[in-house]
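Peer 1: Heads up: take any position in the sequence shown, counting from 1, add 56, and you land on this note's numbering. The beta-carbon is built from N, C-alpha and C at its ideal position, and this holds for glycine as well. Quick caveat, the model's predicted, so the values are computed rather than measured.
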Amino acid sequence: MGKLRVLILNGPNLGYIGKRQPEIYGSQTMDDMPEIIRRVMGDRAVDVVTTHFQSNSEGALIDRLELAREEGIDGVVFNAGAYTHTSLALADCLAWIEVPCVEVHISNIWARTDQPLRQQSLMGERCIGVIAGFGILSYALAVEALYQHIKGE
């Protein structure tokens with residue numbers, strides 16, 4: 057197998073990671089992601105190529121997931137934002153595209169006891185795993201998890 061191709065997909069209100077509520081979401085941005093992935097994966101990071109897409113639109117996210125299937129993307133790291141808790145359409149898409157996906161959250165959604173709806177995921181059963189609560193590092197940990205899952209480690 058050549059380089060692992062990973063799509064990092066972000067949903068609504070995630071276009072301003074690092075600027076939006078840094079007290080909750082931190083100050084690192086998606087521009088920092090290649091370096092964070094290198095720190096997590098070490099020398100193996102050269103075997104991974106990531107692309108990033110963000111949209112506030114549910115339909116655009118579905119379109120991008122379907123395109124990922126057509127492109128032969130090896131895996132998806134997906135932070136669907138609030139759609140995690142509400143979108144049957146995204147869950148249905150993940151069910152049929154047959155691309156391994158790791159659900160990601162910057163904050164720990166299960167610690168959001170003030171809003172019980174935010175503690176559930178409609179996408180989770182369609183993903184190989186969930187990483188939550190480690191800030192932007194969650195994305196790099198998800199890339200590592202996809203790498204190990206796909207490479208059979």
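Could you say which of Met97, Tyr81, Leu65 lies nearest to Ser113 if we only look at CA atoms?
Peer 2: To locate residue 113, count along the sequence shown from 1; it is residue 57. Nearest of Met97, Tyr81, Leu65 to Ser113, Cα basis: Leu65.
Peer 1: Flag this pair as yes or no: are the beta carbons of Leu150 and Arg182 separated by less than 8 Å?
Peer 2: Your numbering for residue 150 matches position 94 in the sequence shown. Your numbering for residue 182 matches position 126 in the sequence shown. For Leu150 and Arg182, yes; Cβs fall inside 8 Å.
Peer 1: Compare the C-beta of Ala167 with all C-beta atoms of chain C and state if any pair is closer than 8 Å.
Peer 2: Of the protein chains in the structure, only one exists, and it is not chain C.
Peer 1: Please determine, among Tyr195, Met179, Gln77, the residue with the shortest C-alpha to C-alpha distance to Thr107.
Peer 2: Counted from its first residue, the sequence shown places residue 107 at position 51. Residue Tyr195 is the option with its Cα nearest to Thr107.
Peer 1: Among the residues of its own chain, which have a CB less than 6 Å from the CB of Leu121, if the five just before and after it don't count?
Peer 2: Stepping through the sequence shown from its first residue, residue 121 is reached at position 65. Counting only Cβ-Cβ distances below 6 Å, and skipping sequence neighbours, we find Cys149, Ile153.
Peer 1: In chain order, what residues of the same chain have a beta carbon less than 6 Å from the beta carbon of Ser111, not counting five sequence neighbours either side?
Peer 2: Residue 111 sits at position 55 when you count from the first residue of the sequence shown. Taken in chain order, the residues that qualify are Leu117.
Peer 1: Mapping DSSP to helix, strand and coil, what is Cys149?
Peer 2: On the sequence shown, residue 149 is found 93 positions in, with the first residue counted as 1. Reduced to three states, the DSSP call for Cys149 is helix.
Peer 1: Which runs of the alpha helix (DSSP H) fall wholly inside the region 96-139 and span at least 4 residues, in chain order?
Peer 2: As far as the region 96-139 is concerned, its whole alpha helix (DSSP H) runs of at least 4 residues are 114-127.
Peer 1: Can you list, in chain order, the residues of its chain with a C-beta nearer than 7 Å to that of Cys103? Leave out the 5 residues immediately preceding and following it.
Peer 2: Within the sequence shown, numbered from 1, the residue matching residue 103 stands at position 47. What sits at residue 103 in the sequence shown is Asp, not Cys. Closer than 7 Å at Cβ, skipping near neighbours: Lys59, Leu60.
Peer 1: Taking a contact to mean a Cβ-Cβ separation below 8 Å, would you say Tyr72 touches Ile162 in this structure?
Peer 2: On the sequence shown, residue 72 is found 16 positions in, with the first residue counted as 1. On the sequence shown, residue 162 is found 106 positions in, with the first residue counted as 1. For Tyr72 and Ile162, no; Cβs fall outside 8 Å.
Peer 1: Please report the distance separating the alpha-carbon of Phe190 from that of Asn164.
Peer 2: For the purposes of this step, residue 190 is identified with residue 134 of the sequence shown, where counting begins at 1. For the purposes of this step, residue 164 is identified with residue 108 of the sequence shown, where counting begins at 1. Cα to Cα, the separation comes out at about 8 Å.
Peer 1: Which residue comes first and which comes last in the beta strand (DSSP E) that contains Ala188?
Peer 2: To locate residue 188, count along the sequence shown from 1; it is residue 132. Per DSSP, Ala188 belongs to the beta strand (DSSP E) from 185-188.
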